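Under this note's numbering, the sequence shown has 205 at position 111, and the numbering climbs by one with no breaks. The beta-carbon is built from N, C-alpha and C at its ideal position, and this holds for glycine as well. The model shown is predicted, which means the values in this text are computed figures rather than measured ones.
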Amino acid sequence: MDVPTVANGIPALGLGTYKNTGEQATESVRTALEMGYRHVDTAAYYENEAAVGAGIAAASVPREDVTVATKLWYDDLAGDDVVPAAKASMSRLDLDSVDLLYVHWPAGSYAAAGTMPALNELHDAGLIDNVAVSNFTPEQLATAQDHSAAPIVANQVECHPLLQQDELRNYCENENIAVVAYAPIARGKVADVPELTDIAAKHDVSEVQVSLAWLRQHGVAAIPKATGEAHIRANWESQELALDDGDMATIDNLDREERLIDPGFAAW
Ligand SMILES: NC(=O)c1ccc[n+]([C@@H]2O[C@H](COP(=O)([O-])OP(=O)(O)OC[C@H]3O[C@@H](n4cnc5c(N)ncnc54)[C@H](OP(=O)(O)O)[C@@H]3O)[C@@H](O)[C@H]2O)c1
95 MDVPTVANGI PALGLGTYKN TGEQATESVR TALEMGYRHV DTAAYYENEA AVGAGIAAAS
155 VPREDVTVAT KLWYDDLAGD DVVPAAKASM SRLDLDSVDL LYVHWPAGSY AAAGTMPALN
215 ELHDAGLIDN VAVSNFTPEQ LATAQDHSAA PIVANQVECH PLLQQDELRN YCENENIAVV
275 AYAPIARGKV ADVPELTDIA AKHDVSEVQV SLAWLRQHGV AAIPKATGEA HIRANWESQE
335 LALDDGDMAT IDNLDREERL IDPGFAAW
């Protein structure tokens with residue numbers, strides 16, 4: 095089955111898994127894949143790669159049909175640490191390769207000149223299909239691009255109607271870098287925005303579904319974290335929602351530059 099995609103063929107909807115661990119994570123991943131999802135997001139930091147890998151194995155979906163994404167934590171980004179850390183992630187996932195390997199944060203031992211060539215080594219060896227980054231500003235993307243022969247296919251950042259990231263989205267669009275939105279429903283806060291409630295009522299859907307459709311219609315992939323079948327299904331069904339130009343314009347005007355994930359080591 096074909097699923098909607100954004101730049102570089104990345105499925106527009108993926109399953110987020112932060113704070114979903116153990117058997118529950120395995121079950122969430124299996125449920126999502128069997129429902130039609132073809133994109134799963136994890137990270138070494140989430141301590142759930144083995145559970146996510148078990149969900150991928152348990153689902154009746156061919157491995158090659160799924161975009162599997164994981165991330166290297168910021169203390170594993172020195173040139174010599176990248177390859178062993180990536181191999182450890184793949185071992186926990188029980189996969190021979192991953193589709194997207196992200197630099198989780200440009201922080202800690204990250205240095206473009208050391209980290210990016212090591213990611214390219216993994217790419218050239220066929221252990222990762224694509225090089226990707228997360229939480230990079232346009233300036234950091236440009237520097238990383240200078241040190242990467244392989245294209246940087248995605249930048250995963252916080253993005254939702256309350257933090258729209260216009261400048262970053264423009265940069266990425268011009269450079270053919272997919273934007274993958276994390277916290278795409280602002281961890282539930284979108285339900286408290288009256289304009290989203292009005293649009294949701296008009297279409298007989300939820301504010302969460304409106305937010306996911308808004309991202310998709312802007313060419314941004316989204317990886318909402320959902321644990322049980324009801325949320326996993328509601329998010330999947332957001333792909334059937336088509337917002338009209340008026341809805342899109344209303345949401346475009348809701349930006350509050352309201353950042354939820356803002357650790358001290360972030361560059362902004
Ligand atoms: N790269 C990074 O630095 C970074 C940072 C943060 C997150 N991420 C990734 O992005 C993913 C998503 O971000 P997030 O987990 O922070 O926030 P989020 O996806 O915006 O929100 C997750 C919350 O929304 C709830 N939810 C999901 N679907 C819903 C629905 N249809 N209706 C009502 N509530 C719903 C979930 O509940 P249930 O769990 O109960 O379903 C959970 O409490 C993460 O899981 C992770 O994979 C990456």
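Inset, instruction - Give a single yes or no on whether Ile317 has its beta carbon closer than 8 Å to a heavy atom of ligand 1. - result: Because some heavy atom of ligand 1 lies under 8 Å away, the Cβ of Ile317 counts as near it: yes.
Inset, instruction - Please determine, among Asp286, Tyr131, His217 and Asp188, the residue with the shortest C-alpha to C-alpha distance to Leu194. - result: His217
Legend entry - Ile355 burial status per 10 Å Cβ neighbour count (16 or more: buried): exposed
Inset, instruction - Determine the contact status of Asn377 and Ile222, defining contact as a CB-CB distance below 9 Å. - result: This structure leaves residue 377 out entirely; the chain is present only between 95 and 362.
Legend entry - Straight-line Cα distance separating Ala315 from Val225: 16 Å
Legend entry - Start and end residues, beta strand (DSSP E) containing Glu252: Ile246 to Glu252
Legend entry - At least 3 beta-carbon pairs within less than 8 Å: the stretch 157 to 165 vs the stretch 130 to 141: Flag = yes, the stretch 157 to 165 and the stretch 130 to 141 touch.
Legend entry - Gly110 burial status per 10 Å Cβ neighbour count (16 or more: buried): buried
Inset, instruction - Compute the Euclidean distance between the alpha carbons of Ala248 and Lys296, then round it to the nearest angstrom. - result: Rounded to whole angstroms, Ala248 to Lys296 spans 33 Å at the Cα level.
Legend entry - Option in Asp341, Glu158, Glu269 and Asp170 with minimal Cα separation from Leu189: Glu158
Legend entry - Those residues which DSSP pairs with Tyr196 across a bridge: Bridge partners of Tyr196: Lys165 and Ala226.
Inset, instruction - Just mark Ala243 as buried or exposed, buried being the case when its beta carbon has 16 or more other beta carbons within 10 Å. - result: Residue environment: Ala243 is assigned as exposed (fewer than 16 neighbouring CB atoms within 10 Å of its CB, all protein chains considered).
Inset, instruction - Along the alpha helix (DSSP H) that carries Tyr276, what are the first and last residues, could you check? - result: Note, Tyr276: premise wrong, no alpha helix (DSSP H); beta strand (DSSP E) at Ala272 to Tyr276.
Legend entry - ligand 1 heavy atom lying under 8 Å from the CB of Tyr282: The displayed chain sequence assigns Gly, not Tyr, to residue 282. Correct: Gly282 has its Cβ closer than 8 Å to ligand 1.
Inset, instruction - Report whether the distance from the Cβ of Pro288 to the nearest heavy atom of ligand 1 is below 8 Å. - result: no
Legend entry - Unbroken beta strand (DSSP E) run spanning Asp135, endpoints: His133 to Asp135
Inset, instruction - With distances taken Cα to Cα, identify the nearest neighbour of Asp260 among Leu171, Pro232 and Gln118. - result: The candidate whose alpha carbon is nearest that of Asp260 is Pro232.
Legend entry - Reduced DSSP category for Leu290 - H, G, I as helix; E, B as strand; rest coil: Looking at Leu290 - three-state DSSP - the assignment turns out to be helix.
Inset, instruction - Give me the Cα-Cα distance between Thr291 and Ser300, rounded to the nearest whole angstrom. - result: The alpha-carbon atoms of Thr291 and Ser300 are separated by roughly 7 Å.
Inset, instruction - Determine the contact status of Pro105 and Arg124, defining contact as a CB-CB distance below 9 Å. - result: no
Legend entry - CB contact flag (Val192, Leu171, <9 Å): no
Inset, instruction - Taking the CB atoms as reference points, tell me whether Val274 and Arg263 lie closer together than 9 Å. - result: no
Legend entry - Neighbour-count burial assignment, Arg310, 16 or more Cβ in a 10 Å radius: Classification of Arg310: buried, given that the 10 Å Cβ count is 16 or more.
Inset, instruction - Compute the minimum distance between the beta carbon of Val302 and the heavy atoms of ligand 1, and state whether it is under 8 Å. - result: yes
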